[in-house]
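Working notes for the structure below.
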Amino acid sequence: MFVGRNSSARYTCLLVGAVVAAILFLACIILLIVLFSASNAVDEEEATATPLPEGAAIVSVLDVDQGQAVAIIAPDGSAALIDAGRSGTRVENEIEPYLRSLGVEELDYLILSHPDQDHVGGMPRVLELFTVGAWVDPAIPTTNQTYGETLEIVLDQGIPAILARQGEQLKLGEVELELLWPVDDMLTSGGEPDSNENSTVVRVTYAGVSVLIPGDLEQNGEAVLVEEYGADLQVDVLVAGHHGSNTSSSGAFLDATAPDVVIISAGENNPYGHPHDEVLQRLRFRGIEIYRTDIDGTVNVIIEDGHYEIETVETSAER
Amino acid sequence: MTIDEIQRNRDGDLVATLVDDDGREAIVPLDLLPEGARLNQVVSLEFSIDESSTEQRRAHIQRLQQRLFQRRGECE
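As they're listed, the protein sequences go chains A and B.
Everything in the first sequence is counted per this note's numbering, starting at 1 for the first residue and increasing by one.
Everything in the second sequence is counted per this note's numbering, starting at 1001 for the first residue and increasing by one.
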């Protein structure tokens, strides 16, 4: 009896324990489901970071360390990329995730400013990761191996090529890309066409707002543009030539372009000291607002209804 | 030049900072240095101009540009 009564009590205890365990188990399952849903919601939010407002275009100066990559995305989703940073790693870590987050799956135009490594280095990887509608290239004589590799991929993939020359007009939906430079008679140094001075210069215009992207154009090229275009060179936003080097952004060029905002694409603690103090002084003297990828991360110009806003997005990559 | 620092750059590649007697720095990929190179060792650098490779590369890229653009001017 004693044993039996003890068994009955133990049975009751076991039963109660099992019920409690089941309730706890169910509670855990429900908690896990809730947490999983919340986690998914956060992921979805991150994947669609920086959504574009309806009807807006964006020009993004991406933080690719020392180098340049500028994305242009039209309201209809068509897109162009000017330069691709110095390596495939920068494309994988910065350019591809950023473009995908904005819904870009194809590039209508892949534009090269000039065949220096900090601009052309990531091009082969871009061509592997994205379908490209047209390759735009100033075709400056060079010995850069990555550029040669890039051309081989462009040829292999049968991508149409457009020679970047002054007067060429490209369309991204309602966004206009006008090539202001170079010309056939290239600027030379040491008797050979100079890579920086013959950079493709792109003026992006949408809804009455314009952004000038001059690659690594230096003061000789700037002077010719000032002479040829005069007051027509005026823009709202200028991407500083040659990463804010004192070889570029001359006073005359800044006066002619008269930007309200200058964006400098430079790597933190880069060995060239970009941007140079003289350039920063010239900009400050003119009251120009300055953004820098080495400080601000990726800098976006969001253009909508005849006005624009500047947005900065700190890079997730280790600096 | 002295191997002053070995670290990873932002791309994750190992690079060595070489410093000469005047304090001037050169940053080179670590795999360009002799195997077993380590901090504080003194290494010697030697550069030479490879005219033949320069011309070969220039001509190769010019041919690629010609195929792409099949046009006038500098691409010819």
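Every residue gets a Cβ at the ideal spot worked out from N, C-alpha and C, and that includes glycine.
Owing to the predicted nature of the structure, the values given are computational and were not obtained by experimental measurement.
is_contact[residue i, chain B] using C-beta, thresh 9 angstroms
| i | result |
| --- | --- |
| A:W181 | no |
| A:S60 | no |
| A:V126 | no |
| A:R319 | Confidence is the limiting factor: at A:R319 the pLDDT is only 45, short of 50, which leaves the residue's position unreliable, though a coordinate-based value still follows. Closer than 9 angstroms: yes. |
| A:Y291 | no |
| A:V299 | no |
| A:R90 | yes |
| A:L225 | no |
| A:G103 | no |
| A:S265 | no |
| A:V154 | yes |
| A:D137 | yes |
| A:A79 | no |
| A:S210 | no |
| A:S87 | yes |
is_contact[residue i, chain A] using C-beta, thresh 9 angstroms
| i | result |
| --- | --- |
| B:Q1007 | no |
| B:L1068 | yes |
| B:E1051 | no |
| B:Q1065 | yes |
| B:L1014 | no |
| B:Q1062 | yes |
| B:V1019 | no |
Of the residues the options, the one placed nearest residue i, counting alpha carbons only
| i | options | result |
| --- | --- | --- |
| A:V111 | A:P138, A:Y308 and A:L129 | A small fix is needed here, since residue 111 of chain A is Ile in this sequence, not Val. Among A:P138, A:Y308 and A:L129, the Cα nearest to that of A:I111 belongs to A:P138. |
| A:G306 | A:L52, A:P51 and A:A56 | A:A56 |
| A:L81 | A:P75, A:L107, A:E94 and A:D194 | A:L107 |
| B:D1022 | B:V1015, B:A1037 and B:T1002 | B:T1002 |
| A:L179 | A:S199, A:D194 and A:D185 | A:S199 |
| A:L99 | A:T293, A:Q117 and A:P51 | A:P51 |
| A:S104 | A:G77, A:L129, A:V70 and A:Q166 | Reading off the sequence, residue 104 of chain A comes out as Val, not Ser. For the residues A:G77, A:L129, A:V70 and A:Q166, the minimum Cα distance to A:V104 belongs to A:G77. |
| A:P271 | A:D63, A:V61 and A:G67 | A:G67 |
| B:D1031 | B:N1040, B:R1008 and B:F1047 | B:R1008 |
| B:D1020 | B:R1010, B:D1004, B:R1058 and B:A1037 | B:D1004 |
| A:D255 | A:G230, A:S245, A:V239 and A:L163 | A:G230 |
| B:E1035 | B:A1026, B:A1016, B:E1051 and B:S1048 | B:A1016 |
| B:R1058 | A:D296, A:I95, A:A69 and A:Q145 | A:Q145 |
| A:G241 | A:H114, A:E94, A:A74 and A:V91 | A:H114 |
| A:E268 | A:N220, A:R292 and A:G173 | A:R292 |
| A:N220 | A:S250, A:G122, A:I263 and A:V204 | A:S250 |
| B:V1043 | B:L1033, B:G1012 and B:S1052 | B:L1033 |
| A:Y325 | A:F130, A:D296 and A:R125 | Lying outside 1 to 319, the shown extent of chain A, residue 325 of chain A is not represented and no answer is given. |
| A:H276 | A:T257, A:V70, A:V299 and A:T247 | A:T247 |
| A:L212 | A:G244, A:K171 and A:V262 | A:V262 |
| A:F285 | A:A258, A:V204 and A:V61 | A:A258 |
| A:E309 | A:F253, A:V237 and A:V136 | A:V237 |
| A:E174 | A:G133, A:T188, A:D63 and A:I58 | A:I58 |
| A:V239 | A:V224, A:V226, A:E228 and A:S210 | A:S210 |
Listed by chain order, chain A residues near residue i by CB distance under 9 angstroms
| i | result |
| --- | --- |
| B:F1047 | Ordered by position in chain A, no residue passes the 9 angstroms Cβ test against B:F1047, which lies about 15 angstroms from the chain. |
| B:G1023 | Within chain A, no residue comes near B:G1023; the closest Cβ sits about 14 angstroms away, beyond 9 angstroms. |
Unbroken beta strand (DSSP E) run spanning residue i, endpoints
| i | result |
| --- | --- |
| A:N300 | T298 to E304 |
| A:H242 | That residue, A:H242, is in no beta strand (DSSP E); it is neither H nor E in DSSP. |
| A:E106 | E106 to I111 |
| A:E289 | E289 to R292 |
| B:R1038 | Unbroken run through B:R1038: none, as it is neither H nor E. |
| B:R1008 | T1002 to R1008 |
| A:T312 | H307 to V313 |
| B:A1016 | L1014 to V1019 |
| A:V175 | V175 to W181 |
| A:V59 | A57 to V61 |
| A:I73 | V70 to I73 |
N-terminal and C-terminal residue of the alpha helix (DSSP H) that residue i is part of
| i | result |
| --- | --- |
| A:V120 | Q117 to V120 |
| A:E128 | M123 to L129 |
| B:T1054 | E1051 to F1069 |
| A:I153 | Q145 to D156 |
| A:L99 | E96 to S101 |
Within chain B, partners of residue i - CB distance below 9 angstroms
| i | result |
| --- | --- |
| A:L172 | Per Cβ cutoff of 9 angstroms: no residues; A:L172 is ~22 angstroms from chain B at best. |
| A:P271 | E1025 and I1027 |
| A:L151 | I1061, L1064, Q1065, R1067 and L1068 |
7 angstroms Cβ cut-off: residues of chain A touching residue i
| i | result |
| --- | --- |
| B:T1002 | Result: empty, since nearest Cβ-Cβ is about 17 angstroms, beyond 7 angstroms. |
Residue i: contacting residues in chain A (beta-carbon distance under 8 angstroms)
| i | result |
| --- | --- |
| B:R1057 | T143, Q145 and G148 |
Listed by chain order, chain B residues near residue i by CB distance under 7 angstroms
| i | result |
| --- | --- |
| A:D65 | R1010 |
| A:A161 | L1068 and F1069 |
Proximity test, residue i beta-carbon vs the ligand NAP heavy atom, cut-off 8 angstroms
| i | result |
| --- | --- |
| A:R90 | What this structure holds is no ligand at all, so the ligand NAP is not there to describe. |
### Message
As an exercise, report each continuous alpha helix (DSSP H) stretch of at least 4 residues that is fully enclosed by the segment 196 to 229 of chain A, in chain order.
### Response
Taken in chain order, the complete alpha helix (DSSP H) segments of 4 or more residues contained in the segment 196 to 229 of chain A are 219 to 229.
### Message
Ignoring anything shorter than 3 residues, give me the beta strand (DSSP E) runs that lie fully in the segment 241 to 282 of chain A, in order along the chain.
### Response
Within the segment 241 to 282 of chain A, the complete beta strand (DSSP E) runs of at least 3 residues are 261 to 264.
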